[in-house]
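Engineer: Sharing a structure here in structure tokens format.
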Amino acid sequence: DGATDLVFEDLSPTDAAKGCDVVLLALPHKVTAAKVPELMSAGVKIIDMSGDFRLRDAEVYEKFYGAKHPHPELLGTFVYGLPEVNRTQIKQAKHVASPGCFATTIELALLPLARAGLLDNAVVHITGITGSSGSGIAPQAGTHHPSRAGNLKTYKPLEHQHVPEIAQLLADTGAKGTELRFVPVSAPLTRGIFATCFVEVVPEVDGGKLAALFDESFGREVFVRRPKKRLPEVVAVAGSNYAEVGFAVGPVANGKRTVTCFSAIDNLIKGGAGQAIQNMNLVLGCDERASLEDVGNWP
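So in our numbering, spot 257 of the sequence shown is number 260, and the numbers just go up one at a time.
This is the structure in structure tokens:
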């Protein structure tokens with residue numbers, strides 16, 4: 004009498020992989036790592052949505068996830084699944100680590116500057132505002148509606164586990180010596196992330212230069228857009244796999260110009276299951292857009 008006749012089963016990793024071309028893992032951090040070796044032995048392709056295989060350094064993993072990695076020898080064997088950077092590698096990969104939701108949002112905002120060398124030896128101040136679904140489905144005090152509605156609060160300021168993931172990706176795209184100071188904020192939203200990134204750059208970088216850099220990075224991307232008449236908004240991407248990016252340019256002071264980069268995504272789709280499906284499409288040689296072109300809930 005329900006919406007589906009599908010039956011949920013408690014399967015071992017090996018049984019789950021039988022007859023499959025690819026397995027998508029949506030297990031909690033520190034649980035996934037224990038299951039992956041068995042799936043690897045089964046020869047199946049893996050798209051992992053946890054944080055267990057995004058980082059390449061076991062010591063960094065332990066610092067930010069609070070536990071030793073059970074299989075540090077496997078770190079670095081997963082391709083980092085941000086298609087806007089690693090599309091070619093993802094197409095050739097057997098194992099892909101889909102990025103975190105905050106990481107996806109912030110990486111897309113900063114990617115054009117990183118590629119242009121504008122983040123070298125820079126300090127980037129970041130605020131990321133997220134909805135309650137970013138904390139998962141398990142009930143907890145921090146996501147309980149009476150305390151969440153009408154409230155704003157920070158958590159894990161300057162020590163969020165996505166910081167080293169972002170730093171690693173930016174370094175891979177050419178940024179050198181970049182320091183990230185990230186403060187996440189819980190907002191009275193169900194879904195959505197909005198990131199604001201402040202950085203000082205050389206005075207020669209103006210609006211025209213930034214527009215060219217953003218268009219160079221994203222002009223051909225199917226799921227990233229830069230609105231021409233407004234800045235990014237969460238409501239514009241909610242319920243979709245699309246990301247919006249943008250920027251604002253400040254005046255020159257003390258020999259530096261302040262630039263602010265913005266990005267908005269749906270944390271459950273582009274920041275979660277949607278990006279995992281995007282990676283699966285690439286791994287399987289399918290059209291990257293397959294099943295992901297829904298425009299979302301707005302207007």
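Backbone N, C-alpha and C fix where the C-beta goes; we use that ideal spot for every residue, glycine too.
(1) I'd like to confirm the pairing. Which residues does DSSP put opposite glycine 131 in its beta bridges?
(2) So is lysine 38 buried or exposed if we call it buried at 16+ other beta carbons inside 10 Å?
(3) At the level of alpha carbons, what is the spacing between arginine 233 and aspartate 13?
(4) In the structure shown, what three-state DSSP assignment does phenylalanine 250 receive?
(5) Look at the Cβ atom of alanine 267, then the Cβ atom of phenylalanine 197, and state whether they are nearer than 7 angstroms.
(6) Inspect the CB distances between the segment 41 to 59 and the segment 7 to 26 and report whether three or more fall short of 8 angstroms.
(7) Rounded to a whole number of angstroms, what is the C-alpha to C-alpha distance between phenylalanine 81 and histidine 163?
(8) Short of 6 angstroms in beta carbon distance, which residues of its chain neighbour threonine 204, apart from the five on each side in sequence? Order them along the chain.
(9) Apply the 10 Å Cβ neighbour rule to glycine 1 and answer buried if 16 or more other Cβ atoms are within range, or exposed otherwise.
(10) Under 6 angstroms Cβ to Cβ from threonine 181, same chain only, skipping five residues before and after it: list those, please.
(11) Is it the case that the segment 55 to 63 contacts the segment 92 to 102, given that we only count it when at least three CB pairs across the two stretches are under 8 angstroms?
(12) Kindly give me the distance between the Cβ atoms of arginine 74 and proline 31, rounded to whole angstroms, as I take these residues to be in contact under 8 angstroms.
(13) Which partner residues does histidine 98 have in the DSSP bridge list?
(14) Using the DSSP secondary-structure output, state which residues sit across from serine 266 in a beta bridge.
(15) Leaving out five residues before and five after alanine 279 in sequence, what residues of the same chain have Cβ atoms less than 6 angstroms from its Cβ?
(16) Once the 5 residues before and after asparagine 270 are set aside, which same chain residues still bring their CB inside 7 angstroms of it?
(17) For alanine 70, does the count of other Cβ atoms within 10 angstroms reach 16, so buried, or fall short, so exposed?
(18) Got a sec? Which residues, its chain only, sit under 8 angstroms from valine 255 by beta carbon, not counting five neighbours each side?
(19) Could you tell me if lysine 273 is buried or exposed, where buried requires 16 or more neighbouring beta carbons within 10 angstroms of its beta carbon?
(20) Nearest-angstrom Cα distance between glycine 222 and glycine 249?
(21) Restricting to Cα atoms, I'd like to know which of Asp297, Asn282 and Gly299 is closest to glutamate 291.
(22) Inspect the beta-carbon positions of proline 191 and glycine 131 and report whether they are closer than 7 angstroms.
(23) Nearest to glycine 155 by alpha carbon, out of Val127, Pro187, Lys212 and Tyr64?
(24) Does DSSP put glutamate 203 in a helix, in a strand, or in coil?
(25) Let me know the alpha helix (DSSP H) ranges lying completely inside the segment 6 to 74, each 4 residues or longer, listed in chain order.
(26) Do you know how far the Cα of serine 44 is from the Cα of proline 16?
(27) Less than 7 angstroms separating the beta-carbons of leucine 169 and isoleucine 109?
(28) Excluding the 5 residues preceding and the 5 following proline 303 in the sequence, name in chain order all residues of the same chain whose CB lies nearer than 6 angstroms to its CB.
(29) Tell me which residues share the same chain as serine 294 and place their Cβ nearer than 7 angstroms to its Cβ, disregarding the 5 neighbours each side in the sequence.
(30) Put arginine 118 into one of helix, strand or coil per three-state DSSP.
(31) Taking all protein chains shown into account, do 16 or more other C-beta atoms lie within 10 angstroms of the C-beta of glutamate 87, making it buried, or fewer, making it exposed?
(32) Looking at C-alpha atoms only, which residue of Gln171, Val252, Thr199 and Val127 is the closest neighbour of aspartate 209?
Structural biologist: Let's see:
(1) Pro187 and Ala198
(2) buried
(3) 47 angstroms
(4) strand
(5) yes
(6) yes
(7) 22 angstroms
(8) Residue identity differs from the one stated: residue 204 is valine in this sequence, not threonine. Counting only Cβ-Cβ distances below 6 angstroms, and skipping sequence neighbours, we find Leu121, Arg260 and Val262.
(9) It is not possible to answer for residue 1, since the shown part of the chain is limited to 4 through 302.
(10) Leu122, Ala125 and Leu173
(11) yes
(12) One point to set straight first is that residue 74 is histidine, not arginine, in the sequence displayed. With 8 angstroms as the limit, histidine 74 and proline 31 do not qualify as a contact, their Cβ atoms being about 16 angstroms apart.
(13) Ile49
(14) Ala198 and Val248
(15) Leu27, Ile50, Met52 and Ser101
(16) Cys104, Thr133, Gly134, Ser136, Gly137, Arg194, Gly195 and Ile196
(17) exposed
(18) Pro206
(19) buried
(20) 13 angstroms
(21) Asn282
(22) no
(23) As written in the sequence, residue 155 is leucine, which differs from the glycine given in the question. The option with the nearest alpha carbon to leucine 155 is Pro187.
(24) strand
(25) 16 to 20, 35 to 44 and 61 to 68
(26) 10 angstroms
(27) Residue identity differs from the one stated: residue 169 is isoleucine in this sequence, not leucine. Yes; because the gap between Cβ atoms is below 7 angstroms, this pair is in contact.
(28) Summary: the structure shown does not reach residue 303, with the chain confined to residues 4 through 302, and so no result is reported for it.
(29) Ile280
(30) helix
(31) buried
(32) Val252
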